[in-house]
Ligand SMILES: O=C(O)CCC(=O)C(=O)O
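Residue numbers (our numbering): 427 to 628.
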């Protein structure tokens with residue numbers, strides 16, 4: 427499989443690239459409805475400063491069996507792939523040549539749901555992790571901030587867009603999806619990742 431240059435940033439640019447309308451709108455509509463209905467959404471509990479709080483979003487973790495992954499203070503075993511998640515993964519893999527064995531699905535019910543500043547830099551993802559993020563449903567603002575404080579980038583993640591977060595994004599930047607007044611519709615986000623397993627080199 428050949429890598430698609432359009433999805434790859436140049437060395438002088440930030441290590442992420444947004445492709446709006448990566449999915450055509452009709453296809454994106456169909457995936458959105460299927461995922462909304464088929465994913466067993468749950469509201470995770472986060473441990474913050476010793477307190478347990480409900481995350482302001484619903485999630486579901488899917489992937490190859492054996493891809494254990496620690497986030498929000500807990501070790502998660504993935505649920506099996508479902509057709510729409512696998513179909514989108516196959517499309518990304520065909521275009522990039524990169525293999526992803528897990529996906530975290532997030533459902534933001536409206537503009538009150540959000541995710542705070544963080545990096546997807548868990549040990550299981552290895553150094554130079556690549557995370558590919560597909561957005562469906564309501565458009566939301568997405569912020570990236572360089573760890574050295576020298577640059578902040580605001581993006582709008584629209585229905586059907588693909589955000590490629592290449593090597594250097596998770597170790598050099600943090601990202602967040604802030605609350606957004608006036609957003610009444612739901613948004614689904616899929617972040618495809620490669621979780622290292624015992625058999626992986628390195
Ligand atoms: O919803 C988004 O676009 C971002 C999701 C995210 O940051 C994550 O799952 O780690």
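Think of the CB as a built atom: it goes at the ideal place given N, C-alpha and C, for glycine as much as any other residue.
All of these numbers come straight from a predicted model, not from anything done at the bench.
(request) Measure the CB-CB distance between residue 614 and residue 533 and report whether it falls below 8 Å. (result) Judged by beta-carbon spacing, residue 533 lies within the 8 Å limit of residue 614, meaning their Cβ atoms are closer than that value.
(request) Check whether the Cβ of residue 568 lies closer than 7 Å to any heavy atom of ligand 1, and answer yes or no. (result) Checking the Cβ of residue 568 against ligand 1 gives yes.
(message) Considering only DSSP beta bridges, list what residue 460 is partnered with.
(response) Beta-bridge pairing links residue 460 to no other residue.
(message) Pull the bridge partners of residue 572 from the DSSP assignment, please.
(response) Its beta-bridge partners are 599.
(request) For residue 480, write down the residues that DSSP places opposite it in a beta bridge. (result) Bridge pairing for residue 480: 471 [DSSP].
(message) Could you give the first and the last residue of the continuous beta strand (DSSP E) run that contains residue 613?
(response) Annotation for residue 613: the continuous beta strand (DSSP E) segment containing it runs 613-619.
(request) May I ask you to list the residues that DSSP assigns as paired with residue 522? (result) In DSSP, residue 522 forms no bridge with anything.
(request) Identify whether residue 580 lies in helix, strand or coil by the three-state DSSP scheme. (result) Residue state, collapsed to three classes: strand.
(message) What would DSSP say about residue 532, mapped onto helix, strand or coil?
(response) Looking at residue 532 - three-state DSSP - the assignment turns out to be strand.
(request) Report the option in 528, 573, 522 and 540 whose CA atom is closest to the CA atom of residue 600. (result) When only C-alpha atoms are compared, the closest one is 573.
(message) Rounded to whole angstroms, what is the Cα-Cα separation between residue 506 and residue 580?
(response) The alpha-carbon atoms of residue 506 and residue 580 are separated by roughly 34 Å.
(message) For residue 563, which residues in the same chain have their Cβ closer than 7 Å to its Cβ, ignoring the five residues on either side in sequence?
(response) These residues qualify, in order along the chain: 458, 585, 611, 612, 613 and 614.
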